[in-house]
Amino acid sequence: MSPTHFSVKSLSGKIFNTVLVFTIAVILAFSAIITVLFYFSYEREAEASLAEQALDAATYLNETPSDENVPALLAQFAGQVRYTLIASDGDVLFDSASDEGEAENHGNRPEVKEALADGHGSVFRYSETLKTDTLYSAVKLDDGSVIRLAETRHSLVAFAATMIGPLAVALAVVVLSVFVLSRLLTRRIMKPIDALNFTEPLENEIYEEMDPLLERIDEQQRMLKQQTREIARAETMRRDFSSNVSHEMKTPLQVISGYAELMKNGLVDPEDNRKFAGLIYEEAQAMRSLINDVLILSRLDEAAVGDRDQAIDLYAVAQSVANRLVSFSDAEGVSVVIEGESACIAGTDTLVEEMLYNLIENGIRYNHEGGSVTVKVGNDGAGPIVRVSDTGVGIPEEMHDKVFERFFRVDKSRSKETGGTGLGLAIVKHAVMYHGGSIEVKSKLGEGTSFILRFPEMDGGARGRSAATGR
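The working numbering applies: residue 1065 is where the sequence shown begins, and numbers increase by one.
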């Protein structure tokens, strides 16, 4: 079975490849070590056996008259062991593997020199006569000659080559065993994984190595649930917004349509035409304001209100807005005061202007004659801050969070009378958040209202643009 039988992404394949490589490496290393140890052990035994045979041959020849040594060797010769009888001067008297008459003098052979000197010598070397690796064991006889036994031996490489067949069979068995084992291990490993309950990831009893994964899944599921709730909430707000827009536009349309129909059919006295035209104009302006506010909110929802990196001086914008509202504030009998100092933020000038316009206009609209609206601009160390305070009707404490909802009105009848769309504070909140700021309301019923806007410090790049443009 080839390791490539499995897919790269298969757990069985990974287990199979890993276990197979590890097992083969262990077997090969173990086989090499055993082969080397067995080889040298076998060679030592062979050397000892050959030495013993040499001693036996020497004993036999020492008991035989010298002139009968050669016939005795001829009678004893058998098997693969080579017998050589060497005279004390090195001449070969007998060699069972070659013609002694053609053999060169053996007096310089290491084993012969050692036997002549010490009585016994053993050497493993390459034989020039036989052209093979040979083990020699020589013993000195009583007459001064040397009996030498030689046996051809395999080299370590040749010996290892004889192990290839058994090793191949062992590897085949290993591959098959690892294949079966990888299948069984995969099933056992996957059994608790297949039983995982991903609805409640942290409730599973599983390998501790999977805890980070399950925690990640749980976190993602919580995020997904949160996103789902946000999407559902946004969808509900969208439906409510569409419904409210339709409702808010229905009234002015009905008024405009009704008065226009009366005028079209000639049912209005000529002296009342101006009055009816004025009513139609007022309702059209109310519808126009509503449409403008809806468009601004839509652009804010889509974050498509323009460049937010413009350097804007909040103090200068507040003064500009106050000047635009002079006619309205005079008509309502409310004074508008701008205090403080220059404070710059990075943002969108039209949006900042709309934000302050709505706050100051609301302060005038829900005030009383002789009242005031105070706008204070400055820095509190953490960044620019704007406080818009009025002396108006105030907002009940339980409604502080609701005033920023779309089409929410504290006093619906008064809002209708004064021309409010119910979207002003929703625009303000979205605009503040768009600029990375926060808004807070402080108010008590009958004691006026204060809106506190806080913005982050402007970065150096925007400051440079502010200096360059003189804003």
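Using N, Cα and C, we set each Cβ at its ideal position, and we do this for glycine too.
- Contact between the region 1416-1424 and the region 1382-1398 is present: 3 or more CB-CB pairs across the two stretches fall below 8 Å.
- If only complete runs of 3 or more residues are kept, the region 1281-1357 shows no beta strand (DSSP E) anywhere.
- Leu-1213 is a Cβ neighbour of Tyr-1147, given a cutoff of 8 Å.
- It is roughly 16 Å from the alpha-carbon of Val-1492 to the alpha-carbon of Pro-1448.
- A straight line joining the alpha-carbon of Ala-1151 with that of Ala-1110 spans about 26 Å.
- The alpha-carbon separation between Thr-1082 and Ile-1097 amounts to approximately 23 Å.
- For Ala-1407, the closest C-alpha among the options Val-1441, Met-1274, Gly-1488 and Glu-1127 is that of Val-1441.
- Rounded to the nearest angstrom, the Cβ distance from His-1499 to Phe-1519 is 6 Å, consistent with a contact under 8 Å.
- DSSP, reduced to helix, strand and coil, places Asn-1426 within a helical segment of the structure shown.
- Judged by DSSP secondary structure, Phe-1515 falls within the beta strand (DSSP E) whose first and last residues are 1513-1518.
- For Pro-1448, the enclosing beta strand (DSSP E) has its first and last residue at 1448-1454.
- Put simply, of Val-1319, Ile-1355, Ile-1409 and Val-1239 the residue whose alpha carbon is nearest the alpha carbon of Val-1381 is Ile-1409.
- When beta bridges are read from the DSSP output, Arg-1189 appears opposite Thr-1198.
- Our two residues, Ile-1088 and Val-1100, have alpha carbons roughly 18 Å apart in a direct line.
- The Cβ atoms of Glu-1405 and Thr-1438 do not sit closer than 8 Å to each other.
- Beta-bridge partners assigned by DSSP to Phe-1158: Leu-1149.
- Following the DSSP letters along the chain, one finds Leu-1213 inside the beta strand (DSSP E) bounded by residues 1210-1216.
- Sequence-distant partners of Ser-1246 (beyond 5 residues in either direction) whose C-beta falls short of 7 Å from its own C-beta, in its chain, are Ser-1076, Ile-1079, Phe-1080 and Val-1083.
- Within its own chain, the residues whose Cβ lies closer than 7 Å to the Cβ of Asn-1126, once the five positions on either side in sequence are excluded, are Leu-1205 and Asp-1206, listed in chain order.
- A residue is called buried when at least 16 other Cβ atoms come within 10 angstroms of its Cβ; Asn-1172 does not meet this threshold and is exposed.
- Burial is judged here by how many other beta carbons sit within 10 angstroms of a residue's own beta carbon; Gln-1374 has at least 16 and is buried.
- Taking C-alpha positions only, Glu-1269 is separated from Arg-1252 by approximately 15 Å.
- Boundaries of the alpha helix (DSSP H) harbouring Gly-1229: 1228-1258, taken from the DSSP string.
- By the CB criterion at 8 Å, Ala-1167 and Val-1176 fall outside the cutoff.
- Here Glu-1347 is buried, its C-beta having at least 16 other C-beta atoms within 10 Å.
- Cβ-Cβ separation between Ile-1344 and Leu-1389: approximately 25 Å, too far for a contact (criterion under 8 Å).
- DSSP places Ala-1410 in the uninterrupted beta strand (DSSP E) bounded by 1408-1411.
- Leu-1260 has its alpha-carbon roughly 16 Å from the corresponding atom of Thr-1250.
- Distances from the alpha-carbon of Thr-1513 to those of Val-1210, Ile-1424 and Phe-1094 put Ile-1424 closest.
- Here Val-1467 is buried. Its C-beta has 16 or more other C-beta atoms within 10 Å.
- Ranked by Cα distance from Thr-1263, the options Val-1242, Ile-1281 and Glu-1294 are led by Ile-1281.
- In the same chain as Leu-1489, and ignoring 5 residues on each side of it, the C-beta atoms closer than 6 Å to its own belong to Val-1467 and Phe-1468, in chain order.
- Nearest to Ala-1179 by C-alpha distance, out of Pro-1256, Gly-1154, Tyr-1190 and Asp-1159, is Gly-1154.
- In this structure, Lys-1508 sits near Glu-1461, with a CB-CB distance shorter than 8 Å.
- In this structure, Val-1457 lies near Tyr-1430, with their beta-carbon atoms less than 8 Å apart.
- A residue is called buried when at least 16 other Cβ atoms come within 10 angstroms of its Cβ; Ala-1298 does not meet this threshold and is exposed.
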